[in-house]
Each structure stands twice: as structure tokens, then as C-alpha cells.
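My numbering numbers the first residue of the sequence shown as 857 and each following residue consecutively.
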Amino acid sequence: MKQSEMLEKTSSCLGIQCLYFGFRRDIVAVIGNCAYGRRHVQDEIREKSAMLLMLQQCVANEENPFLREWGIWSVRNLLEGNDENKRVVAELEVLGTVDVPELAETGLRVEVDHKTRRAKLVNVS
């Protein structure tokens, strides 16, 4: 599955109501803990094309307190000692930006530099 297809698929699933408050966080926590020091788990996540999905969990979410922290822990564990997973993440490219109301309230927005293909913060005012 291509990264754009994965992004589209996960974006459409985000509207589904979880089974309980914090469900998504708990799933990410289990995956992160299972990946700690276990190469076969790290490899399986990559082989299932789920690295991008795990990176997408590194966000704040009111329905899943500490999702961002568990997401970061999980990604750390997926990359530790696994050069192939590091390569997959390094090959990711920024396709665009997402408007975040909280960021707009601060007078900032995210733009992609077309030369470097990196995201940068720009002062709107």
C-alpha cells in the first residue's frame, strides 16, 4: 500500500467513535511496548506498511490523553536498532500541510519549502 493510500485510509477512519475513552492511546501503548527490544515486532510493523500510521499517532488528542507521548515512545521503539525502519522513515516526504486552528490563533501557519521539501513556520501577521 502506498503512503498516500495509507494516509487517506487512516484519515477516513479517524471519524469512527472509539470503544472507550483512551482506546486509541491504549492500542498505541501496547504496540510501543511490544516493539521495545523486539526486532521481529519492529519488522512486522514495517512489513505491514504501518510506520506512517504509527507516526500519525504523535499528535495531541482530547479523546486520547497522552496519545502523543505514547506515539513518540512507540516510534522510538520501532526505530531503535532497526536500520530498515529508519530508512523507511527517512524516505518519507512532506506532501502538504494541515490547517490547525490552534496554530492559526497564534498568528502562525505551516508552509512547505518547495526547494528543500521541508515544513517551516511562517508568521501570518
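C-beta atoms are modelled at their ideal positions from N, C-alpha and C, and glycine is treated no differently.
Looking at E949 and R973, is the spacing between their C-beta atoms short of 8 Å?
Numbered from 1 along the sequence shown, position 117 holds the residue referred to as residue 973. Numbered from 1 along the sequence shown, position 93 holds the residue referred to as residue 949. For R973 and E949, yes; Cβs fall inside 8 Å.
Cutting at 7 Å between CB atoms, please list the residues of its own chain near C991, excluding the five before and the five after it.
With the chain running from 857 to 981 in the structure shown, residue 991 is simply not present.
Leaving aside the five residues before and after A891 along the sequence, list all residues of the same chain whose C-beta is less than 7 Å from its C-beta, in chain order.
The count along the sequence shown starts at 1 and reaches residue 891 at position 35. Contacts found: V897, Q898, I901, S930, N933 and L934.
Which same chain residues, not among the five before or five after T953, have their C-beta less than 8 Å away from its C-beta?
Stepping through the sequence shown from its first residue, residue 953 is reached at position 97. So the list reads R965, V966, E967, V968 and A975, once near-sequence residues are dropped.
Starting from the C-beta of G832, find all residues in its chain whose C-beta is less than 7 Å away, skip the five residues before and the five after it, and write them out in chain order.
Nothing can be reported for residue 832, as the shown portion of the chain is limited to 857 through 981.
Between which two residues does the beta strand (DSSP E) containing R965 stretch?
Working through the sequence shown from its first residue, we reach residue 965 at position 109. Per DSSP, R965 belongs to the beta strand (DSSP E) from L964 to D969.
Proximity below 8 Å, CB of G963 to CB of P921
Locating residue 963 in the sequence shown gives position 107, where the first residue counts as 1. Locating residue 921 in the sequence shown gives position 65, where the first residue counts as 1. Cβ atoms of G963 and P921: not closer than 8 Å.
Quick check: the Cα distance between V980 and K971, rounded to an integer number of angstroms?
One-based indexing of the sequence shown puts residue 980 at position 124. One-based indexing of the sequence shown puts residue 971 at position 115. Computed Cα separation, rounded: 21 Å.
Buried or exposed, going by whether 16 or more other CB atoms sit within 10 Å of the CB of L923?
Reading the sequence shown from its first residue, position 67 is the one you call residue 923. Buried is the call here.
Beta-carbon within less than 6 Å of V915's beta-carbon, same chain only, minus the 5 sequence neighbours each way: which residues are those?
To locate residue 915, count along the sequence shown from 1; it is residue 59. If we look at V915 and ignore the five residues flanking it on each side, its Cβ neighbours are R924.
By Cβ distance, which residues of its chain are closer than 8 Å to K943, with the 5 residues on each side in sequence left out?
Start at 1 with the first residue of the sequence shown, and residue 943 comes out as number 87. First, the residue type needs correcting, since residue 943 is Arg and not Lys in the sequence shown. Answer for R943: no residue qualifies.
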